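Structure, as structure tokens:
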Amino acid sequence: MNYSKKVMDHFAHPRNVGDMPDANAVGTVGNQKCGDIMKMMMKIENDIIVDCKFQTFGCGAAVATSSMATELVKGKTVQEALQLSNKAVMEALDGLPPVKVHCSVLAEEAIRAALVDYYKRQGIDPEPIVGCSGECSECHHDHGHGEEEEE
Amino acid sequence: MEDRFVYADNAATTPIDPRVLEKMMPFLTTEYGNASTLYSLGHSSHDAMEEARKEVALLMNADPGEIYFTGCGSESDNMALRGWMHSKQNKGKKHLITTCIEHHAILHTAQALEKEGFEVTYLPVDKHGMVELEVLEKAIRPDTAMVSVMFANNEIGTVNPIAEIGKLCREKGIIFHTDAVQAYGHVPVDVKAMNIDILSISGHKINAPKGVGAIYIRKGILLNQLITGGGQEKGRRAGTENIASIVGLGEAARIKRETMEEETAYLRKLSRKLIDGVTKFPQTILTGHPTERLPGTCSFCINAIEGESLVLMLDFNGICASTGSACSTGSLDPSHVLLGIGLTHEIAHGSLRLTLGMQNTEEDVDYILERLEQVVKTLRAMSPIWHE
Ligand SMILES: Cc1ncc(COP(=O)(O)O)c(C=O)c1O
Ligand SMILES: [Zn+2]
Chain A
115 MNYSKKVMDH FAHPRNVGDM PDANAVGTVG NQKCGDIMKM MMKIENDIIV DCKFQTFGCG
175 AAVATSSMAT ELVKGKTVQE ALQLSNKAVM EALDGLPPVK VHCSVLAEEA IRAALVDYYK
235 RQGIDPEPIV GCSGECSECH HDHGHGEEEE E
Chain B
1250 MEDRFVYADN AATTPIDPRV LEKMMPFLTT EYGNASTLYS LGHSSHDAME EARKEVALLM
1310 NADPGEIYFT GCGSESDNMA LRGWMHSKQN KGKKHLITTC IEHHAILHTA QALEKEGFEV
1370 TYLPVDKHGM VELEVLEKAI RPDTAMVSVM FANNEIGTVN PIAEIGKLCR EKGIIFHTDA
1430 VQAYGHVPVD VKAMNIDILS ISGHKINAPK GVGAIYIRKG ILLNQLITGG GQEKGRRAGT
1490 ENIASIVGLG EAARIKRETM EEETAYLRKL SRKLIDGVTK FPQTILTGHP TERLPGTCSF
1550 CINAIEGESL VLMLDFNGIC ASTGSACSTG SLDPSHVLLG IGLTHEIAHG SLRLTLGMQN
1610 TEEDVDYILE RLEQVVKTLR AMSPIWHE
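These protein sequence lines map, in sequence, to chains A and B. The first sequence maps to residues 115 to 265 in the working numbering. The second sequence maps to residues 1250 to 1637 in the working numbering.
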């Protein structure tokens, strides 16, 4: 199994890694399948993600997708960030080995979870905006295991 | 310390010993004769092969006539399990006993036999990865045809009580096979004293080439043939012999016979230093048996970091290591061995295996300890679940 140069770059030099104690949006998700855990922290001002950091307990793909995801949402509006898919993260990394696709789902879910937290802190019901929060168990079934998806 | 290259994955494979290569070279160049031919060019191949057979036999106290060369350790394992379960000699007995921590060469073969209608018991092991004699004894049934227990485990290095298992099987009249791929040449193996009926070995774990193995089959035992064709290996394994590699395997066995004691002492000392150093890291445990383990195998679980990330970062530092974490297996489950010794998915996620060989030095161990400590710190700083 080989990772792309981009994946290895983001793994070796992760962007935006670390804690963010003054974040106003925090989401932690765990991959029930392989055990990876990802925490996304954001500072959101006027609906714009002005800063984003992550912490990840996981494999090379999990670290690289977290790193890339923070880059992709930084400076974006909350609405734009909600559109971010694991496919987009993978494409930005020049693909992932098929068995690692499930790790990229975690990045998408972690961003979503952070935005759900953001709305909740504002007293806004996230359901109509975000839809499924990614926290329910039904969520995991249709993301599929990497094998049936392409790089 | 300055950057260096440290190969610490000797359980995965070993480099070819220069003495082994030298012994092989003629058979890759001028001595290319087929060992079955009548003319003299073939004789040197034949003689070299028989010399190798003697050496391979000597290191396990077998008779040369009980050694058959194969294409790899996996083939030997397949030959043992399929060969005996399918054989007429076992009189239709349908039950096979093995363990839950075997190499896939055994596990997947046992599963294939189950699909054919055989019944397989996968023995649990204790928390150190050892088979318990009472558990084995309870699993034996009137229709048990074979017991297959690995000599030493490839992931955690635990060495099983093979002599006791052999004695029990002999008393019960059950054929005993052991996968000694990781043990042969590293710890004493004696097929007679240990009552072993069939035993598998592989060249590339003892500084011989990849793609050559052997199987010991005690005199009088007939296995169903796995590879049919020509009459090589007394009609038990067809295929023109890979003379160069067989010669390499023989030379490696000779060298191990002469140096094993010294190597064991050296590797135990290096491993001690590595294990003492790594287990001083916070929240880090040794996996496998504390004393009954292969001399060069050091295996750990390091809390709050993931094994694949660890191996990739060690590679950036020139260190070759391996892991049984879920993310590394591609199957989404941690290695069956780590689960088999009762570790949780979470703990097994941080698995690291460092296996030392004779090319490693004290400085290598110092270097591993220094870089590993840095890498663990880096990864823990990144980990959302790390708490001091
Ligand atoms: C315990 C054990 N059995 C069998 C094998 C398979 O040997 P080979 O690679 O020669 O097929 C290995 C190593 O890969 C092993 O460690
Ligand atoms: Zn992963």
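From the three backbone atoms N, C-alpha and C, an ideal C-beta is built for every residue, glycine too. As the structure is a prediction and not an experimental result, all values here were calculated from the model.
On a Cα-Cα basis, can you pick out the residue from V1380(B), T1262(B) and V1269(B) that is closest to A1493(B)? V1269(B)
Mapping DSSP to helix, strand and coil, what is C1418(B)? helix
DSSP state of T170(A) mapped onto helix, strand, coil: strand
Local Cβ density within 10 Å of Q1623(B), reported as buried at 16 or more and exposed below that: The residue in question, Q1623(B), is exposed, as its Cβ has fewer than 16 Cβ neighbours within 10 Å.
Min CB distance I1389(B) to chain A below 8 angstroms: Not closer than 8 angstroms to any Cβ of chain A, the Cβ of I1389(B) fails to qualify, so no.
Quick check on this structure: which residue in D1525(B), L1475(B) and H1538(B) has the alpha carbon closest to the alpha carbon of N1327(B)? Ranked by Cα distance from N1327(B), the first of D1525(B), L1475(B) and H1538(B) is L1475(B).
Please report how far the alpha carbon of V215(A) lies from the alpha carbon of L207(A), in whole angstroms. 12 angstroms
List the residues of chain A that H1594(B) touches, going by C-beta distances under 9 angstroms, in chain order. C148 and G149
From the beta carbon of I1534(B), is the nearest beta carbon of chain A less than 8 angstroms away? no
Can you find a CB in chain B that lies within less than 8 angstroms of the CB of Q169(A)? yes
Below 7 angstroms between beta carbons is the criterion; list the residues of the stretch 1317-1336 of chain B that meet it against any residue of chain A, in chain order. none
Look at the alpha carbon of H254(A) and the alpha carbon of P1275(B), and state the distance between them as a whole number of angstroms. In this prediction, H254(A) scores a pLDDT of 45, lower than 50, which makes its location untrustworthy; no coordinate-derived value is stated.
Closest Cβ-Cβ distance between G237(A) and chain B: below 8 angstroms? no
Alpha-carbon to alpha-carbon, H1598(B) and V131(A): 21 angstroms
Once DSSP output is grouped into helix, strand and coil, what is the label at V1436(B)? strand
May I ask you to list the residues that DSSP assigns as paired with Y1317(B)? I1464(B)
Given that T191(A) touches chain B, what residues does it touch there, using C-beta distances under 7 angstroms? Those within 7 angstroms of T191(A) in chain B number zero; the least Cβ separation is about 26 angstroms.
A1502(B): first and last residue of the uninterrupted alpha helix (DSSP H) it sits in: I1492 to V1527
Which chain A residues are close to E1637(B), counting only those with a beta carbon under 9 angstroms from its beta carbon? Going along chain A, no residue has its Cβ under 9 angstroms from E1637(B), so there is no contact; the nearest lies around 14 angstroms.
Residue-chain proximity (E263(A), chain B), Cβ-Cβ < 8 angstroms: In this predicted model, E263(A) has a pLDDT of only 33, less than 50, meaning its place in the structure is not dependable enough to derive any value.
Examine chain A for any beta-carbon lying closer than 8 angstroms to the beta-carbon of A1570(B), and answer yes or no. no
At a Cβ cut of 8 angstroms, what residues of the stretch 1618-1634 of chain B count as close to chain A, listed as they run along the chain? A1630, M1631, S1632, P1633 and I1634
For P135(A) and chain B, any beta-carbon pair shorter than 8 angstroms? no
Given 8 angstroms as the limit, is there contact between the stretch 1454-1464 of chain B and the stretch 1477-1495 of chain B, that is, 3 or more CB pairs closer than that? yes
Got a sec: does ligand 2 put a non-hydrogen atom nearer than 7 angstroms to the Cβ of C1349(B)? no
If you count every other CB in all the chains shown that lies within 10 Å of the CB of Y1465(B), and 16 or more means buried, which is it? buried
Test item: CB-CB of V1240(B) and L1523(B) under 8 angstroms: Outside the shown range of chain B (1250 to 1637) lies residue 1240(B), about which nothing can therefore be said.
Using the rule of at least 16 other Cβ atoms within 10 Å of the residue's Cβ for burial, across every protein chain shown, is A1311(B) buried or exposed? buried
If we count Cβ pairs, one from each stretch, closer than 8 angstroms, do we get three or more for the stretch 1427-1438 of chain B versus the stretch 1278-1297 of chain B? Taking 8 angstroms as the limit for Cβ pairs, the verdict is that the stretch 1278-1297 of chain B does not touch the stretch 1427-1438 of chain B.
Measuring only between beta-carbons, confirm whether F1254(B) sits less than 8 angstroms from chain A. No, F1254(B) does not count as interfacial toward chain A.
Please classify G116(A) as buried or exposed, where buried requires at least 16 neighbouring CB atoms within 10 angstroms. For the sequence presented, residue 116(A) should be read as Asn rather than Gly. Exposed: under 16 other Cβ atoms inside 10 Å.
8 angstroms Cβ cutoff met for T1546(B) and G1452(B): no
What would DSSP say about Y1256(B), mapped onto helix, strand or coil? strand
Using DSSP's beta-bridge definition, name the partner residues of H1594(B). In DSSP, H1594(B) forms no bridge with anything.
Verify whether the separation of the beta carbon atoms of P1544(B) and H1435(B) is less than 8 angstroms. Result yes, Cβ atoms of P1544(B) and H1435(B) sit closer than 8 angstroms.
Taking D1252(B) as the reference, give the member of I1617(B), P1264(B), R1521(B) and K1272(B) with the closest Cα. I1617(B)
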